[in-house]
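Asker:
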Amino acid sequence: MSWIPPLLVAIPLLAAAATAGLDHVTPQPVQDALVIGASAATTALAFVLLWHAEDHEVVHWFGGWQPKHGVALGVDFAVGPLAAGMCVVIGIVVTLSLLYALTFLREAARLFDALMLAALGAMCGFAMSGDLFNLFVWLELMAVAAYALTGFQVERLGPVQGAVNFAITNTLGGYLFVVGIALIYARTGALNLAQIGKALAHGPAGGLVIVAMTLLLCGFLIKGAVVPFHLWAADAYAVAPAPVCAVLGGVMTDIGLIGVARLYWTVFAVPFGQGHGVGDVLLWLGLVTAVLAGTMAFLQRHLKRMLAYSVVCHIGIMLAGIGLLDTSGLAGTELMFLAHALLTASLFFVAGILHVDHGLIDELHLRGRGRGCWAPAVAWFAGTIGLIGTPYVGIYLGHGLIDDGASELGRSWVPALLWLGSALAGAALLRAGARIFLGWGDDEDELLGRAIEEDPLERAVRRPILVGVALVAVVLGVAISVVPGLGQRAEYAAGRFRDTSGYAARILHDRAMPAPGSLPVTIQHTSVDSLLYASGATIFALGLAFAGLYRRRMPRALAPPVRVLHSLHSGVVGDYVTWVVVGTAVTGGVWAILLR
Amino acid sequence: MMVLGPGLLGLGSLFAWAMAGLPAFGDYHGPYGFVLNRVVVPLRHTTNVVMGTTFDVRGVDTMGEEFILYAAVVGVTLLLRDETRSKQAERRTRRLPNDTARLVGIAMVGGGLLVGLWLMAFGYITPGGGFQGGVLAAGAILLLYVVGSHRDYRPFRDVHALDPLESLGSGGYVIVGLAALASGTAFLTNLFGLGTTGTLLSGGSIAILNWASAIAVTCAMVLLFAEFLETYVVPLEPEDSGS
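In the order they appear, the protein sequences are chains A and B. Mapping of the first sequence onto the numbering used here: position 398 corresponds to residue 435, and the numbering continues sequentially without gaps. Mapping of the second sequence onto the numbering used here: position 177 corresponds to residue 825, and the numbering continues sequentially without gaps.
#1: Based on Cα-Cα distance, which residue from A:F203, A:H339, A:A443 lies nearest to A:D612?
#2: Please state the DSSP three-state secondary structure of A:D92.
#3: From A:V62 to A:L82, what distance separates their C-alpha atoms?
#4: Taking Cβ-Cβ distances shorter than 7 Å, what residues in chain A pair up with B:W665?
#5: Checking contacts by CB at 9 Å: is B:I863 closer than that to chain A?
#6: So, helix, strand or coil for A:D480, using DSSP?
#7: I'd like to know if A:G514 contacts chain B, where contact means its C-beta is closer than 9 Å to some C-beta of that chain.
#8: Based on the DSSP secondary-structure assignment, which residues constitute the bridge partners of B:S850?
#9: Give a yes or no on whether the C-beta atoms belonging to B:Y680 and A:V108 are separated by under 9 Å.
#10: Mapping the DSSP letters down to three states, classify A:G626 as helix, strand or coil.
#11: I want to see whether chain A comes within less than 9 Å of B:M711, judged by CB atoms only; does it?
#12: Go ahead and label A:L572 buried or exposed: buried means 16 or more other beta carbons lie within 10 angstroms of its beta carbon, across all protein chains shown.
#13: So for A:H603, helix, strand or coil by DSSP?
#14: Taking a cut of 9 Å between CB atoms, which residues from the segment 480-498 of chain A lie near chain B?
#15: Does the beta-carbon distance from A:V498 to A:V415 come in below 9 Å?
#16: For A:T225, which residues in chain B fall below 7 Å Cβ to Cβ?
#17: At a CB-CB cut-off below 9 Å, which residues of chain A make contact with B:P690?
#18: Is the segment 820-837 of chain B in contact with the segment 762-782 of chain B, if contact means three or more CB pairs nearer than 8 Å?
#19: Which runs of the alpha helix (DSSP H) at least 4 residues long sit entirely within the segment 549-594 of chain A? Give them in chain order.
#20: Under the three-state reduction of DSSP, which class applies to B:D806: helix, strand or coil?
#21: Is the Cβ-Cβ distance between A:M250 and A:L300 less than 9 Å?
#22: By the criterion of Cβ-Cβ separation under 8 Å, what are the contact partners of A:Y184 in chain B?
#23: Figure out for me which residue from A:G476, A:F335, A:T80, A:G442 has the closest Cα to the Cα of A:G486.
#24: Can you confirm whether A:V288, when its beta carbon is compared against all beta carbons of chain B, has any partner nearer than 9 Å?
#25: Report the residue from B:I863, B:G678, B:G712 whose alpha carbon sits nearest the alpha carbon of A:V174.
#26: How many angstroms separate the CA atom of A:S564 from the CA atom of B:V688?
#27: Compare the C-beta of A:T615 with all C-beta atoms of chain B and state if any pair is closer than 9 Å.
#28: Suppose contacts are defined by Cβ-Cβ distances below 9 Å. Is A:Y540 in contact with A:E94 by that definition?
#29: With a threshold of 9 Å between beta-carbons, can B:A668 be considered close to chain A, or not?
#30: For the beta strand (DSSP E) holding A:V126, just list the boundary residues, first then last.
#31: Ordered along the chain, which non-local residues of its own chain (more than five positions away) have a Cβ less than 8 Å from that of A:V325?
#32: Closer than 8 Å, Cβ to any Cβ of chain B: which residues of the segment 97-115 of chain A, in chain order?
#33: Find the residues of chain B that neighbour A:N171, judging by a C-beta separation of less than 9 Å, and give them in chain order.
#34: Quick one: residues in its chain with C-beta nearer than 6 Å to the C-beta of A:W675, no 5 flanking neighbours on either side, listed in chain order?
#35: Along chain C, which residues have their Cβ under 9 Å away from the Cβ of A:W321?
#36: Can you give me the Cβ contacts of A:I73 inside the same chain, cut-off strictly under 6 Å, excluding the 5 residues immediately before and after it?
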């Protein structure tokens, strides 16, 4: 089955070339069928790949350049169940977004489709690649496609500004990453991840490796919008069309985390795996991200900005899961990735529907306008409950596994902070839903700052398609926590992903990794603590949402910190660059102290 | 600024710390470069090891890079599209005042094209390749605009021809890879006869992939230039257009 991995890249890329190249030739329906068909076929193949990857790591050496005597010359895709699962959910989200865009974005549709397919191929390649430089290639391809997709509505100034902020910040991340590659290559003379790990096994790591790790991981964290590198996300999401947001927020931003996990467990676990220094920094970055972005979400009134911070908040939780450096944490991150991608996509789809229906995207302006739209309302509330992680809904199972990992390591305070983050973001979404779909609360709120200028969206859409796509996404996302056997499979997949020496032996010497025993097909039970935390987070979110709707005046003590938070998220790209520089320097400095 | 200064200082010191750990100049230990230098010529019959690496050993990287260029061109077309822009508007004709300069310029168009084609064709034998040659050829076509006028350049930027050609170049790369996969070997395996080292008929797939990227890059660059020109060259006012 080693022929499947290259197809997950080749099919979307070939279809991208075909759809733009045949723009003037083939009729619209044929084009639509080609685009949706290519994306659906990629998703289906990813499912087949997942099936096979559970038994053994599926490895494909491009050009047939297999390693000789343990030296890898070629480029490989190495796919375990974790990477294959990512490809499946990437395929689902992109396919749903393309269906949504069928009537949502008619102008320049061919160019849009070509870029979406290029991004799909790039994301799959990124999830599967086992080569450092190859990772960079896919990272850049998805970034270039995403910049253009973000600025799609060129006739307005806002989108161009948002896309420029996105492009400058992420290009800077690309520079850091490529300098990191150069440093690592100068030291090890290798680009294959397993080979680099092997080369770093001997002797002390030293400053070069610490700095290279800082640059490489910070490159991914910028892509992943982790605090303090997160500032571009809200600007970009606010202006991108809804189906683009669904892909950006659902999978493309979060995928940076997979890069972090991949690099850590193939390369940097070799020199630094004895201690917890690398993981602790990631854990703390994740905790700060979860709480800060959750708070920021609560302070937004623009729905897409609110969702952007909700995405960043959950990325923080997932990064904390990786930072625990154990199997439970990584498995939890994987399950959260799956549920979060689908739920976030569905919420962006609903935001797009509201934008089309009313020409508005502002919570306060939309107050009461969604009354009677029961299908979007159901999708919104179900998606929100799923994102909070109410027991046995949505991200709950993944979050519970991260909790388990934290308490096994004796860090029982970690889950409390993480649940606080998702409750804050969830409260914002609940408040917005109640205001829009139920007409509750006031139509003024000084906490939320000024309205951002809105562009009415005049489109002749087929509403049933939009609503249907949103409902499909939300149902899939909500169900993730109760799929029998999924928890055990995720733990097995995470265990395989963490097996640094087994991976290297499989890649460089073609030795088989141990196959799983029979995995039980039951719904995984989480600990009592998680159940309590999840219930508490739900109640807290409900209470906070009510407070947001009905309190008369903002408590005076809150005013200064809120002002500081708003002013830090200035929208000025120079500030963003400053934070990238400072964030990278501080992260590297801490690692230098911890790892020397 | 108050934050940026210390930040840059910190990043700079980290970088200096990393540089101190680099091996000395010329002291290369890695297996990668040595092995490639040793195996590419005998195994692939291309005397340009760089091309053997980029189009064969690491061919999939080049495929991704070609699509980065492709996505960039599609993105520029998307971002610079302007529904209000009149397709019929004649662009201002601006000729170089000096005939000698024009003659030299026109000669350089031919020369540039020739060098571009040479770089493409002999890329796997001597330094060069499809990417480099493509950029040069497209630059030569752009010279037409510099020495002549937009009108002279326009026949070369027919999107009905360029779009399919560019897609053929990029898609062709993928198709070569898929052909190898369909024949039961790995994606992008070198399927074709390797020929005699040092001749144009050597390298097998490398030659085909080289031409695919040459086509894709030439078209991409011409399209890019055309998009920028369309946007930034001031259209003539309707009343001037007859003169």
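The beta-carbon is built from N, C-alpha and C at its ideal position, and this holds for glycine as well. If you're wondering where the values come from, they're calculated on a predicted model, not measured in any experiment.
Answerer: So, to answer that:
#1: A:F203
#2: coil
#3: 29 Å
#4: G244, V248
#5: no
#6: coil
#7: no
#8: B:G843
#9: yes
#10: helix
#11: yes
#12: Correcting the residue identity first, residue 572 of chain A is Ser in this sequence and not Leu. The residue is exposed, with fewer than 16 neighbouring Cβ atoms inside 10 Å.
#13: helix
#14: none
#15: no
#16: G678
#17: Simply none; closest approach about 14 Å.
#18: no
#19: 565-587
#20: coil
#21: yes
#22: G723
#23: A:F335
#24: no
#25: B:G712
#26: 57 Å
#27: yes
#28: yes
#29: yes
#30: Not the beta strand (DSSP E): A:V126 falls in the alpha helix (DSSP H), residues 118-141.
#31: V264, G353
#32: H97, W98, F99, G100, G101, W102, V108, L110, G111, V112
#33: R706, V708, D709, G712
#34: There is simply no residue 675 of chain A to check, as chain A begins at 38 and stops at 633 in what is shown.
#35: In the structure shown, chain C does not exist; the protein chains are A and B.
#36: L135
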